[in-house]
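Here's the structure we're looking at; comments come further down.
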DNA sequence: CATACATATAACCAAAAGGTTATCTGAATG
DNA sequence: CATTCAGATAACCTTTTGGTTATATGTATG
């Protein structure tokens with residue numbers, strides 16, 4: 001299942017998402033962009049794959065990753081809706097307060 | 001430090017934020033809204049307080065919680081900016097592709 | 001003042017997160 | 001074909017997360 005919140009909760013994963021939104025990249029290039037080990041990056045990629053935010057393509061010894069745009073977009077919209085709703089509630093209350101004041 | 005992503009990564013915490021955006025609530029009412037123990041809720045509240053997304057007010061034996069609107073709003077805007085940027089990157093690439101096609 | 005109630009805290013637990021090093025596999029290359 | 005290179009996997013570690021039960025503290029209330 002795609003848990004957007006889990007996927008984006010780590011800054012390394014957010015940076016990875018940003019990188020592969022620009023362009024499809026082999027794992028090696030992603031690893032080079034950070035100062036942690038290849039297996040550590042692999043685990044982040046595994047989480048992003050598990051949450052379906054990445055697509056992978058094998059080509060010989062290289063493994064390329066790219067953003068799964070529809071899933072990401074959908075997850076982002078749902079998140080915006082959910083968090084936006086919290087502020088709407090607040091604004092509704094403010095509106096009610098102002099109306100009572102009239 | 002305020003880590004919005006950490007705060008919102010749990011569905012229970014998101015629901016709590018929603019509840020206290022509506023109105024200031026005593027801990028008891030928050031506990032009653034879930035099927036987990038009072039100490040468990042307390043830990044979620046502690047995380048939300050740590051990330052400064054909640055304000056607490058003691059009144060006798062009651063402890064009231066409310067949304068820290070400015071911090072939440074700011075965190076939400078930063079999050080939108082960061083995640084929105086990922087899609088912008090993608091759209092920029094699409095734009096480039098379409099322009100190349102002309 | 002004894003009791004009930006709201007909250008806080010301690011001790012414990014299992015699972016997940018985030019990292020490491022070492023090693024294996026499988027593809028490409030001198 | 002031996003070696004190198006990219007990636008996968010295993011074993012291990014520490015900290016965090018998310019929960020539990022039991023108990024303490026402090027405020028109201030009959």
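Protein chains in written order, with the UniProt record's numbering: chain A, 1 to 102; chain B, 1 to 102. Think of the CB as a built atom: it goes at the ideal place given N, C-alpha and C, for glycine as much as any other residue. Since the structure is predicted, the reported quantities are computational estimates derived from the model, not experimental observations.
Query	Result
Would you mind reading off the limits of the beta strand (DSSP E) that contains residue 53(A)?	Premise fails: residue 53(A) is in no beta strand (DSSP E) and is neither H nor E.
Can you list the residues of chain A that residue 115(B) reaches, using a CB-CB cut of under 9 Å?	Residue numbering for chain B in the displayed model covers 1 to 102; residue 115(B) lies beyond these limits and cannot be assessed.
Among all the DSSP beta bridges, which residues are the ones paired with residue 65(B)?	25(B) and 56(B)
Quick check on DSSP: helix, strand or coil for residue 47(B)?	helix
Would you call the segment 75-94 of chain A in contact with the segment 69-79 of chain B, where contact means no fewer than 3 C-beta pairs closer than 8 Å?	yes
Taking Cβ-Cβ distances shorter than 7 Å, what residues in chain B pair up with residue 5(A)?	8 and 9
Can you pull the chain B neighbours of residue 62(A), defined as C-beta to C-beta under 8 Å?	Result: empty, since nearest Cβ-Cβ is about 20 Å, beyond 8 Å.
Report the rounded CA-to-CA distance for residue 30(A) versus residue 19(A), giving the unit in angstroms.	8 Å
Should the segment 46-65 of chain A be called in touch with the segment 50-57 of chain B, which here means at least 3 C-beta pairs below 8 Å?	no
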